[in-house]
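As structure tokens, the structure follows; a few thoughts come after it.
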Amino acid sequence: MKHVKKVSKRARVVSGGALAATLVLGGVGAWSASASSAAPAAPAAVKADANSDALMQSTHLTVAAATDAAEAVLDAAKKENQRVSVAVVDRNGNTIVELRGDGAGPQSYESAVKKAYTAVSWNAPTSELVQRLEKAPTLKDIPGTLFLAGGAPVSAKGAPVAGIGVAGAPSGDLDEKFARAGVAELAKAGG
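Per mature numbering (1 follows the signal peptide of the UniProt record, and there is no 0): the sequence shown = residues -20 to -1, 1 to 171.
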């Protein structure tokens, strides 16, 4: 049997402290060695030139303006005792505002969005686009479109910026009349 020498408490504390110091310092040394051998930092991102031919600017309605237009539509419909839904979409067809008027039918909500999208996509009132279906009947197969009267485009600086779609009145002519009330509100607000 081996003889184990008793080590004093003080010797154990000193030995343990030395071991801990060695581990900590060794770890720091390894960390600093790996940090210094790391790959050089990536170059700063390249900035795009704002005057570049690769960039373009576009005009967009504010949420406040789109809301004002939608409310003007609902007010015009209410004056004629009609219950409609209205949607305002941006140039890319993304919905900015959707309002379902009190008592509007459940189908009117989706129809209003599709009419607005159709109007801005072709920059024409949807009542005119319905006539184009006679020569090109497959236009109606384009996803997200609805070729019924009730959509009106909104233009600014010679380019389409939005579409207003209305659905729920007994005729597309009334829907489009109310959509034009929204376009008129935007024209009035624009000065």
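Think of the CB as a built atom: it goes at the ideal place given N, C-alpha and C, for glycine as much as any other residue.
Apply the 10 Å Cβ neighbour rule to residue i and answer buried if 16 or more other Cβ atoms are within range, or exposed otherwise.
| i | result |
| --- | --- |
| residue 108 | exposed |
| residue 151 | exposed |
| residue 42 | exposed |
| residue 122 | exposed |
| residue 8 | Caution applies to residue 8, whose pLDDT of 46 falls short of 50 and renders its modelled position unreliable; the value that the coordinates give is listed next. Label assigned to residue 8: exposed. |
| residue 88 | buried |
| residue 44 | exposed |
| residue 46 | buried |
| residue 167 | exposed |
| residue 86 | exposed |
Report the three-state DSSP secondary structure of residue i (helix, strand or coil).
| i | result |
| --- | --- |
| residue -1 | Only weak support is given to the placement of residue -1: the predicted model assigns it a pLDDT of 46, under 50, and the question is left unresolved by the model. |
| residue 64 | coil |
| residue 133 | strand |
| residue 71 | coil |
| residue 116 | coil |
| residue 143 | strand |
| residue 7 | Its pLDDT being 49, under 50, residue 7 is placed unreliably by the model, and the measurement read from it follows with that caveat. Note: residue 7 maps to helix in three-state DSSP. |
| residue 79 | strand |
| residue 98 | helix |
| residue 150 | coil |
| residue 106 | helix |
| residue 155 | helix |
| residue 32 | coil |
| residue 124 | coil |
| residue 13 | Model confidence at residue 13 stands at a pLDDT of 48, short of 50, so the residue's coordinates are unreliable; what they give is reported in the following sentence. If DSSP states are grouped into helix, strand and coil, residue 13 belongs with the helices. |
| residue 162 | helix |
| residue 170 | helix |
| residue 47 | helix |
| residue 41 | coil |
| residue 52 | helix |
Spatial neighbours of residue i within its chain, please: CB distance less than 8 Å, with the 5 preceding and 5 following residues excluded, ordered by chain position.
| i | result |
| --- | --- |
| residue 137 | 39 |
| residue 153 | 107 and 129 |
| residue 125 | 94, 97, 98, 101 and 119 |
| residue 140 | 71, 100, 103, 133 and 134 |
Tell me which same chain residues have a C-beta within less than 6 Å of the C-beta of residue i, skipping the five on either side of it?
| i | result |
| --- | --- |
| residue 110 | 127 |
Going along the chain, which residues of its own chain have a beta-carbon closer than 7 Å to the beta-carbon of residue i, five neighbours each way excluded?
| i | result |
| --- | --- |
| residue 48 | 165 and 169 |
| residue 50 | 66, 68, 77, 79 and 162 |
| residue 113 | 119, 120 and 127 |
The stretch 137 to 154 in contact with the stretch 116 to 124 per 3-pair CB rule at 8 Å: Because the criterion of three Cβ pairs below 8 Å is not met, the stretch 137 to 154 and the stretch 116 to 124 do not touch.
Is the stretch 74 to 83 in contact with the stretch 52 to 61, if contact means three or more CB pairs nearer than 8 Å? yes
Counting beta carbon pairs with one atom in the stretch 157 to 168 and one in the stretch 59 to 70, are three or more of them shorter than 8 Å? yes
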